[in-house]
Amino acid sequence: MQIDETEIVVRTDFDQLDADNCCWVSLRFLRGPRRPREGEWIQLRDERGAACVACVQDVHGWTARVSPDWNTWTGDTLPRLARESWRRLHEV
């Protein structure tokens, strides 16, 4: 049986967002048929069990820059930097 698609789950620290509201994640210890590609959606999880999906923006060697979709957030509260970014976007 050939597997063409797979769910990719990556650990991250949601408090480490850059100015564009993206984070860098390690792909070093991923198991599976392949690494994610630019434009694909992956699942991010932190050490507290919170999660969301994210779109892969860039892949450089063993790291990927991903853009979290905060509409899919499963944690109690958004990470601090995500809340600040959301406020800046919605200020008028």
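Residue numbering for the sequence shown follows this note's numbering, starting at 128 and increasing by one per position.
Positions of the beta carbon are idealized from the N, C-alpha and C atoms, including for glycine.
Bear in mind that the values here come from a model prediction, so they are computed numbers and not experimental data.
W189 is the residue among D142, A177, W189, A178 whose C-alpha sits nearest the C-alpha of R164. Annotation for D185: the continuous beta strand (DSSP E) segment containing it runs 178–187. The C-alpha of G166 is placed about 21 angstroms away from the C-alpha of A209.
CA-to-CA, the gap between P195 and F141 works out to about 9 angstroms.
Annotation for Q143: C150 place their beta carbon closer than 7 angstroms to its own, counting only its chain and skipping 5 residues before and after.
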